[in-house]
Ligand SMILES: C[S@@+](CC[C@H](N)C(=O)[O-])C[C@H]1O[C@@H](n2cnc3c(N)ncnc32)[C@H](O)[C@@H]1O
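In this note's numbering, the protein residues as written are 2 to 365.
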């Protein structure tokens, strides 16, 4: 399939905003919404349907068709008959956007364009199905898909060796996209957490939807930063901690840093204890013992990868100040560890607005 059409299909499946779809439709028709493009969109009217209730998908497609028809008409391009007919069908369903207040959830199919290793146009699609809120301002923040989790997912899929065979714990996981990507790259254990009960239920549903990828390797747990105990955090034994768009509420920042500091430090003491007991058994000489311990600590101490959009400079400065007090180093690796653009069709995703930080403990 032509790459422009592939992008248009992925945008429709991801339920990208109407303007973004319109722009991809024009690209596919080399500047105009040709009848070929219209037929392609028509063929996608019935796709992206998970579960019985398709009303939200129908409303979305109705809006897409409305804009496509008016764009074609205003540029004097022929409109295919089927497009009018499908639009009329949607009109007869008498769906009201405002009648969906009770459960404003939609299903998005997020396609990641993974290279097949050859330098050609053939792309291997890795598709994650997610139940999400209709938009970021409706419902719980954790049920929307935030740009930092797209960024973190691209990072994971671009640098799989960092995460494969690692025990990963995510805080404030929201819809669970990062967890599905971690399972895909072969993390040996993935624990997704959130402190909001309805977000957690939605996340569990999404992990179930992607069971063919997650294969029972992803657990979802309730974890509220304010109340979680030190021993519970230590029990995760995480090698890598992840977080996307979790630094925005100054009231939560001290609690989040407390959690991060325990996760980053407890790993160090765990590795130290394991190494000492193992080496005592082997009766290595003192010099080797010390050298191995320090090598192991620098190689394997837990690290955290936090992706964030810095929306409020004061909140971010506050986070940095408390991180310094907790002896946590915060390194900006946004430019250093560049990821591939795996979501080329997602025009609504502003990759440039997201930063990626690597955190590690400076405590001995
Ligand atoms: C902006 S959303 C980001 C969700 C997801 N990581 C993403 O990027 O799509 C923030 C998430 O952090 C969770 N969260 C906020 N405060 C929290 C707290 N004090 N304890 C645990 N989770 C919290 C919210 O429930 C929500 O899921």
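Where a beta carbon is used, it is the ideal one built from N, C-alpha and C, also for glycine.
_Let's see if you can read the secondary structure: which residues bound the alpha helix (DSSP H) around residue 311?_
No alpha helix (DSSP H) holds residue 311; DSSP gives it neither H nor E.
*Could you pull out every residue in the same chain whose Cβ sits closer than 7 Å to the Cβ of residue 253, ignoring the five residues on either side in sequence?*
Counting only residues of its own chain and dropping the five nearest sequence neighbours on each side, residue 253 has a CB closer than 7 Å to the CB of 226.
*Any idea what DSSP makes of residue 17, helix, strand or coil?*
Coil at residue 17, not helix or strand.
_At a cut-off of 7 Å, would you count residue 307 as near ligand 1, judging by its Cβ distance to the nearest heavy atom?_
Look at residue 307: its beta carbon is at least 7 Å from all of the heavy atoms in ligand 1.
_Between residue 253 and ligand 1, is there a pair consisting of the residue's CB and a ligand heavy atom that are separated by less than 7 Å?_
If you check the C-beta of residue 253 against ligand 1, you find a heavy atom less than 7 Å away.
*Ends of the beta strand (DSSP E) at residue 195?*
Per DSSP, residue 195 is one residue of the beta strand (DSSP E) stretching across 190-195.
*Any heavy atom of ligand 1 closer than 7 Å to the Cβ of residue 233?*
Flag unset: Cβ of residue 233 not near ligand 1.
*Under three-state DSSP, which class holds residue 340?*
Of the three classes helix, strand and coil, the one that applies to residue 340 here is coil, per DSSP.
*For residue 263, does the three-state DSSP call read helix, strand or coil?*
Residue 263 falls in the helix class under three-state DSSP.
*Does the segment 127-134 come close enough to the segment 176-195 to have 3 or more Cβ pairs within less than 8 Å?*
Cβ pair count under 8 Å is three or more, so yes.
_contact_flag[the segment 204-213, the segment 232-240] where n(CB pairs < 8 Å) is 3 or more_ = By the Cβ test, the segment 204-213 is not in contact with the segment 232-240, since fewer than three Cβ pairs between them sit closer than 8 Å.
*Thinking C-alpha only, which one of 67, 161, 301 and 214 is nearest residue 339?*
Considering only alpha carbons, the answer is 161.
*asked:* Need the endpoints of the beta strand (DSSP E) that residue 220 sits in, please.
replied: Start and end: 219-223.
*Is it the case that the CB of residue 245 approaches a heavy atom of ligand 1 more closely than 7 Å?*
Under cutoff, so the answer is yes.
*Can the beta-carbon of residue 219 be found less than 8 Å from the beta-carbon of residue 194?*
Pairing residue 219 with residue 194 gives a Cβ-Cβ distance that is not under 8 Å.
*Between residue 320 and residue 176, what straight-line distance do the alpha-carbon atoms span, to the nearest angstrom?*
Roughly 24 Å separates the two Cα atoms.
_Quick check: what's the CA-CA separation for residue 296 versus residue 262?_
Residue placement at residue 296 is flagged as unreliable, the pLDDT there being 46, under the threshold of 50; the coordinate-derived value follows with that caveat. Spanning the two alpha carbons is a distance of roughly 21 Å.
*Is the segment 328-339 in contact with the segment 7-16, if contact means three or more CB pairs nearer than 8 Å?*
Below 8 Å, too few C-beta pairs join the segment 328-339 and the segment 7-16 to call them touching: fewer than three.
_Following a CB-centred definition, is residue 259 positioned closer than 7 Å to any heavy atom of ligand 1?_
No, the Cβ of residue 259 stays beyond 7 Å of every heavy atom of ligand 1.
*Rounded distance between the beta-carbons of residue 44 and residue 94, thought under 8 Å*: Contact between residue 94 and residue 44 does not hold, since the beta-carbon distance rounds to 19 Å and is not under 8 Å.
*For residue 266, which residues from the same chain have a beta carbon less than 7 Å from its beta carbon, with the 5 sequence-adjacent residues on both sides left out?*
Only residues of its own chain outside the window of five on either side were considered, and among them 362 and 364 have a CB closer than 7 Å to the CB of residue 266, listed in chain order.
*Cα-Cα, which of 230, 302 and 196 is closest to residue 223?*
Looking from the CA of residue 223, the closest CA among 230, 302 and 196 belongs to 196.
*Ignore the nearest five residues each way along the sequence and tell me which others in residue 310's own chain have a CB closer than 7 Å to its CB.*
Result list for residue 310: 148, 149, 246, 354 and 355, in chain order.
*Grab me the residues of residue 37's own chain with a C-beta within less than 6 Å of its C-beta, minus the 5 sequence neighbours each way, in chain order.*
Leaving aside the five residues that flank residue 37 on each side, none in its chain has a CB nearer than 6 Å to its CB.
_residue 90 - DSSP class collapsed to helix/strand/coil_ = Residue state, collapsed to three classes: helix.
*When the Cα of residue 312 is compared with those of 331, 191, 110 and 250, which residue comes out closest?*
Comparing Cα-Cα distances from residue 312 to each of 331, 191, 110 and 250, the minimum goes to 250.
*Quick one: Cα of residue 314 to Cα of residue 307, how far?*
Going by C-alpha positions, residue 314 is about 16 Å away from residue 307.
*So, is residue 360 buried or exposed, given that buried needs 16 or more other C-beta atoms within 10 angstroms?*
That one is buried.
*For residue 188 and residue 330, the rounded distance between their alpha carbons*: One C-alpha to the other measures close to 24 Å.
*Please classify residue 106: does DSSP put it in a helix, a strand, or coil?*
Looking at residue 106 - three-state DSSP - the assignment turns out to be strand.
*Would you mind sorting residue 40 into buried or exposed? The rule is 16 or more other CB atoms within 10 Å of its CB.*
Residue environment for residue 40: exposed (fewer than 16 other C-beta atoms within 10 angstroms of its C-beta).
*Distance CB(residue 34)-CB(residue 69) smaller than 8 Å*: A contact, by the Cβ cut-off of 8 Å.
*In whole angstroms, what is the alpha-carbon distance linking residue 352 and residue 342?*
C-alpha separation (whole angstroms): 9 Å.
_Euclidean distance between Cα positions of residue 256 and residue 169_ = Distance between the alpha carbons of residue 256 and residue 169 is about 20 Å.
*Would DSSP call residue 351 helix, strand or coil?*
Of the three classes helix, strand and coil, the one that applies to residue 351 here is coil, per DSSP.
*asked:* For residue 1 and residue 151, I'd like the C-alpha separation in whole angstroms.
replied: Since the first residue shown for the chain is 2 and the last is 365, residue 1 is missing from the structure and cannot be characterised.
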